[in-house]
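For reference, the structure is listed below as structure tokens.
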Amino acid sequence: MKRLLIVFLCLLSFCQSQSYIDFREINQDKIHIVIVTEQQERKEMMVKVNSTIKDIAKMIPIDFQKRRYNPNQVLHDGDVLFLNSKVPSKISLNEADLKELMKLKGVGKKMAQRILEYRKEKGLFQKLEDLQKVKGIGDKKYEELKDQITL
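In short: position in the sequence shown from 1, add 52, done, that's the working numbering.
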């Protein structure tokens, strides 16, 4: 009988599952989320467990209201959010038309026309600083515009 019991215990020890639980995954304090902007840019982030969309909006400029997300929605590992940016897209000096150029803060119709005329006469802008070659745009005006423009 003792032999049978010993054999049974040996078999039982060999038959046990070799799986294990990685407690680091269970006790995680961060989760992985993906944010996709309207320009199809992907931003992957690690955020604290129980973070909400409102918490994300404090970290990066997003407009969760346009997508009708609940700002208090708790995020989960692997969530993908499709969000609109609060940051206005930059205006291209080489591609913008009159109306687009007039959207630049401090640029009216006359200044926008001068930018278009410069582009027509001299060709495409090679660097942002070339904008200062347009009549009426000096150092001060350029400093105001440089964060709003791109090539």
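Cβ atoms here follow ideal geometry from the backbone N, Cα and C, with glycine treated the same way.
- With a beta-carbon spacing of about 11 Å, Lys110 and Val99 fall beyond the 8 Å limit used to define contacts.
- In the DSSP assignment, Glu96 falls within the beta strand (DSSP E) that extends over Arg94 to Lys100.
- Taking 3 residues as the shortest admissible run, the segment 125-183 contains the following complete beta strand (DSSP E) segments, listed from N- to C-terminal end: 132-137.
- By the Cβ neighbour-count rule, Val159 is buried, with 16 or more other Cβ atoms within 10 Å of its own.
- Linking Leu180 to Gln165 through their CA atoms gives a straight-line distance of about 17 Å.
- For Lys192, the enclosing alpha helix (DSSP H) covers residues Asp191 to Leu197.
- Sorting Gly175, Gln178 and Glu152 by C-alpha distance to the C-alpha of Gln200 places Glu152 at the top.
- About 5 Å separates the Cβ atoms of Val86 and Val132, confirming a contact at the 8 Å cut-off.
- Pairing Gln92 with Glu147, the inter-Cα distance amounts to about 21 Å.
- Here DSSP, grouped into helix, strand and coil, assigns Lys187 to coil.
- Here Ile112 carries a coil assignment [DSSP, helix/strand/coil].
- For Ile112 against Leu127, the beta-carbon gap comes to about 13 Å, at or over 8 Å, which does not count as contact.
- If you ignore the 5 residues before and after Gln184, its C-beta comes within less than 6 Å of the C-beta of Tyr194, all in its own chain and listed in chain order.
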